[in-house]
Amino acid sequence: MRKLSLTIFCFLAVAVSGCKKFEHFQTDPNKPTQATPELLLSNLEMVAFNDISTSAAFASRYLINTDDISASQYYNWQRSDFTDYNNLRQVVKMETEATRTNQTVYPALGKFFRAWFYMRLTLTFGDIPYTEALEGAQEKFTPAYNRQADIFLNILDDLKVANSQLANSTDDIRGDIIFAGKKDKWRRLINTFSLRILMSLSQKEGNTTLKVKERFAEIVNNPTQYPLMTDNSDNGQLVFVDQQKNRYPYYNNNSMQTAMYLEESFVNLLKGFKDPRLFRFAQKAPLYTTLPDTDFNAYGGAKGSATIDVNNGLAVAGKVSRIAKRFYNDPVNEPGIVLGYAELQFILAEAAVRGWISGDASSFYKKGIKASMEFCKIASDNITDYLAQPAVQLVPGKELEGIFNQKYISFFMNSGWQVFYEQRRTGLPVFDVSGDGVLNDKKVPKRWMYPETEINLNRQHVSEAITRQYPQGDNINGVMWLLVKE
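Going by our numbering, the first residue of the sequence shown is number 5, and it counts up by one from there.
And the structure:
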């Protein structure tokens, strides 16, 4: 009888446990359902600040690839993706966790990261989902597309608020691998980012809603309220360390070692200025290895627009310089800059030329060159000699050309696609499309087409966005609102 009772008890126990709801078994007790905002911040910084791209280097005529036909080099790209929306969802999580734990500093940083990722998206495509983009929890799976003009306006306003919130916050920033929790440096980055965005709107000087010049001057003329970067120590950059997943992204990269050569027009630009940064960017061409390392005649490039067969022939003949060895054999190499002091000085120089601010354009310009050369570890005496050269001085009436050339040099292997967007905005320096390798009817593209997933899953809204922006349809040569003069 006791055995029977025990059997019945065990049966009932199993039956009761079997009545647990299905959802109970969907939760893994060994996996956390919450993350601290500082952990999420570290991950966001790794994603946002690790932005070194050989594709951007091909498209911007710094490098050529002799391994295969690069769509970036030959201007034959088509669609990009919405990966940054995944990053934006992580920003939302950081903000949510900060609210849950009553930490006010992280929502301010959240505004910066929102601005950062949304800016990358809109510069890629034009109009994008913005207001409704992160409302999947409210079952908005087909978000409407906002106009680029409204996105820029909202981003600038958010950055202004972020600067103010950080100034007033007494909370510590934990998990910060960029500035080690220094709020003043974050404010300098945020305000410098605002100036970059405003300068990207140089075609919109006449837009009475944006008030580009007024916003720019407000920041520059109020350093207490809007502090800016003061030197290279304020650079927004990711410092690499010799640990797994934290090394320079092209360390031990086989293609970087064997197939990455410098582009001819870039080499010629550096040679024309007798720029010692060439010796930091490139190896001597094999044909000239007997010449001193500091002999400009020992370096050569190949046309990014030439066919791969032509460039391979030049490489085999030893006439072309490979990228410097440090880019593939040094696990630390140099920090990855996403926005730095040198760029700020070139922005201020351009603003002075345009009459947006007072100040000496030449002084800003030379500070930008000096900061770039110091980052490249050029000796101070060589910097002084370089800045004294007649060829380096700004020419009256051609100041912007001089500024853009030096800004272009300073972006080598850093700042992601920003250099391409600068050239798209200004037309300088001119990217060579003369060779037989260039596709896209020998034109430099203006944008990327929307992802295929949007066509399949959000057809109505993406079609509306395409129709109002690009009369010829979704194509890589469409001119977005940002580039239309007002």
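Positions of the beta carbon are idealized from the N, C-alpha and C atoms, including for glycine.
Asked: Secondary structure of Tyr454, DSSP reduced to three states; Found: coil
Asked: Nearest-angstrom Cα separation, counted from Arg192 out to Asn211; Found: 26 Å
Asked: Buried versus exposed call for Ile223 [16 or more other C-beta atoms within 10 Å across all chains shown]; Found: buried
Asked: Short Cβ contact (8 Å threshold) for Met232 with Leu348; Found: At residue 232 the sequence reads Leu, which differs from the Met that was named. Cβ atoms of Leu232 and Leu348: closer than 8 Å.
Asked: Segments of 4+ residues assigned as alpha helix (DSSP H) that fall wholly inside the region 158-236; Found: 187-204 and 216-224
Asked: Status (buried if at least 16 other CB within 10 Å, exposed otherwise) for Pro433; Found: buried
Asked: Proximal residues to Leu3 (C-beta, below 8 Å), its chain only, five neighbours per side dropped; Found: Any answer about residue 3 is impossible in this case: the structure gives the chain only from 5 up to 490.
Asked: Opening and closing residue of the beta strand (DSSP E) in which Leu343 lies; Found: Gly340 to Leu343
Asked: Whole-angstrom C-beta distance between Arg281 and Met123, which should lie under 8 Å; Found: 28 Å between Cβ atoms; not a contact.
Asked: Distance between Ser84 and Asn460 (C-alpha atoms, nearest Å); Found: 15 Å
Asked: Euclidean distance between Cα positions of Gly114 and Phe183; Found: 15 Å
Asked: CA-to-CA distance, Lys208 to Thr471, given in whole angstroms; Found: 22 Å
Asked: Buried versus exposed, by CB contacts within 10 Å (16 or more), Glu267; Found: buried
Asked: Identified DSSP bridge partners for Ile68; Found: Tyr265
Asked: Alpha-carbon to alpha-carbon, Leu352 and Phe368; Found: 6 Å
Asked: Exposure of Val216, with buried meaning 16 or more beta-carbon neighbours within 10 Å; Found: buried
Asked: Expected contact under 8 Å - CB spacing of Asp440 and Thr298 to nearest Å; Found: The Cβ separation is near 35 Å, so there is no contact.
Asked: Beta-bridge pairing of Pro147 - partner residues as DSSP gives them; Found: Bridge partners of Pro147: none, in fact.
Asked: For Ala306, three-class secondary structure by DSSP; Found: strand
Asked: Closest residue to Asp279 among Trp190, Ile413 and Pro335 (Cα-Cα distance); Found: Ile413
Asked: Reference Ala375; option with closest CA among Asp445, Thr234, Met260 and Gly185; Found: Thr234
Asked: Own chain partners of Cys23 with C-beta closer than 6 Å, once the 5 adjacent residues on each side are dropped; Found: With a pLDDT of 48 at Cys23, under the threshold of 50, the modelled position of this residue cannot be trusted; read the value that follows with caution. For Cys23, where only same-chain residues beyond five positions count, there are no Cβ hits under 6 Å.
Asked: Rounded distance between the beta-carbons of Phe435 and Gln427, thought under 8 Å; Found: 6 Å
Asked: Of the residues Gln107, Ser204, Gln473 and Asp176, the one placed nearest Phe424, counting alpha carbons only; Found: Ser204
Asked: Unbroken alpha helix (DSSP H) run spanning Gly1, endpoints; Found: Examination of residue 1 is not possible in this model, given that the chain is present from 5 through 490 alone.
Asked: Cα-Cα separation, Lys323 to Asp162; Found: 50 Å
Asked: Neighbour-count burial assignment, Lys370, 16 or more Cβ in a 10 Å radius; Found: buried
Asked: Inter-residue spacing [alpha-carbon to alpha-carbon] between Asn54 and Val342; Found: 8 Å
Asked: Beta-carbon contacts of Arg219 that lie in its chain and below 7 Å, excluding the five residues immediately before and after; Found: Leu160 and Leu202
Asked: Three-way DSSP call (helix, strand, coil) for Arg251 in this model; Found: coil
Asked: For Gln464, three-class secondary structure by DSSP; Found: helix
Asked: DSSP state of Phe29 mapped onto helix, strand, coil; Found: Here Phe29 scores only 46 on pLDDT, less than 50, and its place in the model is too uncertain to base an answer on.
Asked: 8 Å contact criterion, which Ile155 and Thr126 should meet: CB distance rounded; Found: 5 Å
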